[in-house]
DNA sequence: TATTGTTATACTCTATAACTATA
DNA sequence: TATAGTTATAGAGTATAACAATA
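Protein chains in written order, with our numbering: chain A, 1124 to 1277; chain X, 1124 to 1277.
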């Protein structure tokens, strides 16, 4: 009985730390991006654009998991602030072709190196074995969370 | 050189998993709370109210780290959906006294047990030693993130 | 003079539904 | 008939600034 209780306390502490980490990561991203005139959602779109290359809004909507209407708004904002351009699609006249501006490409490249630098900041002092354990445990937790989310999908 | 590179790959993988975990935790909370007619922000307010007991909006604003205006909106929503009440403050006639309704108290209690159940789901299969390692590593990462955020505060 | 909360205003993210142009 | 994107509409979270009531 005592053992079980102790165990639960440990699990709750782990969950609390995971939740705090989620909040702090979000705060950090929000602040860092704001310095570049970006939001988390818009940066996410830039991220997809970098991986996919120039593409249509419907591709962006699918990759981001948001509505077409939402992508219209995000692209509006990114065009207004000079990160991307909207041009006619070469072959499909219904669609728009979203591409980086010079500024968008540069900023996204900086974001990527900042991302690597953050990884270094957070995990540099961790011994290799410890990091491996941590990453594996994270993978297990992720797997359980995904299972839970799928189960809720019904 | 190779070792350093390998190391960085490990750190980046860890960061990517941390970020994915943050996203999935948020999705899970959003969906679970929606079933009760709540949002993450409103649930956060209820959480503070449970810890603090009935209190003024200014206390809630400070605890949540948001503006007074924002708290007005959150409490408006929670009053409209029947989770809390706004009453005159016993001693300070400028302030309002925010308290749980029956429904609010019950729902928050359920949230708390769901929280424990989630901890169990995510960490039940983890060996005690592994969980300890994981929690300690999380603590280290949190400490570094906090340091980083404070440094940015200038 | 300082504090509490609201009104006024504005921006962002998000969604569904109706509609236009095109495939 | 189906798809791509926009307009229309709506709700939620967030902020600052001006203001009223009270301390």
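Note that beta-carbon positions come from the ideal geometry of N, C-alpha and C, so glycine has one too.
Within the continuous alpha helix (DSSP H) that includes residue i, where are the two ends?
i	result
residue 1266/A	1251-1275
Which same chain residues end up closer than 7 Å to residue i when comparing Cβ atoms and leaving out the 5 residues on each side of it in sequence?
i	result
residue 1167/A	1187
Once the 5 residues before and after residue i are set aside, which same chain residues still bring their CB inside 6 Å of it?
i	result
residue 1179/A	1218
So, for residue i: in the same chain, excluding its five sequence neighbours on each side, which residues have a beta-carbon less than 8 Å away from its beta-carbon?
i	result
residue 1226/A	1205, 1206
residue 1254/A	1246
residue 1141/X	1264
residue 1213/A	1220
Does any residue of chain X have a CB that is nearer than 9 Å to the CB of residue i?
i	result
residue 1108/A	Chain A is shown only over 1124 to 1277; residue 1108/A falls outside these bounds and no answer can be derived.
residue 1275/A	yes
residue 1255/A	yes
residue 1236/A	no
Would a check of beta-carbon distances place residue i closer than 9 Å to chain A?
i	result
residue 1137/X	yes
residue 1223/X	no
residue 1206/X	no
residue 1133/X	yes
Could you check if residue i is buried or exposed, using at least 16 other CB atoms within 10 Å of its CB as the buried criterion?
i	result
residue 1266/X	exposed
residue 1175/X	exposed
residue 1231/A	buried
residue 1203/X	exposed
residue 1264/A	buried
residue 1259/A	exposed
residue 1281/X	Given a span of 1124 to 1277 for chain X in the structure shown, any question on residue 1281/X remains unanswerable.
residue 1145/X	buried
residue 1192/A	exposed
residue 1157/X	exposed
residue 1132/X	exposed
Can you check the segment 1161-1247 of chain X for any alpha helix (DSSP H) of at least 4 residues that lies completely inside it and give the ranges in chain order? 1163-1175, 1180-1187, 1191-1203, 1225-1246
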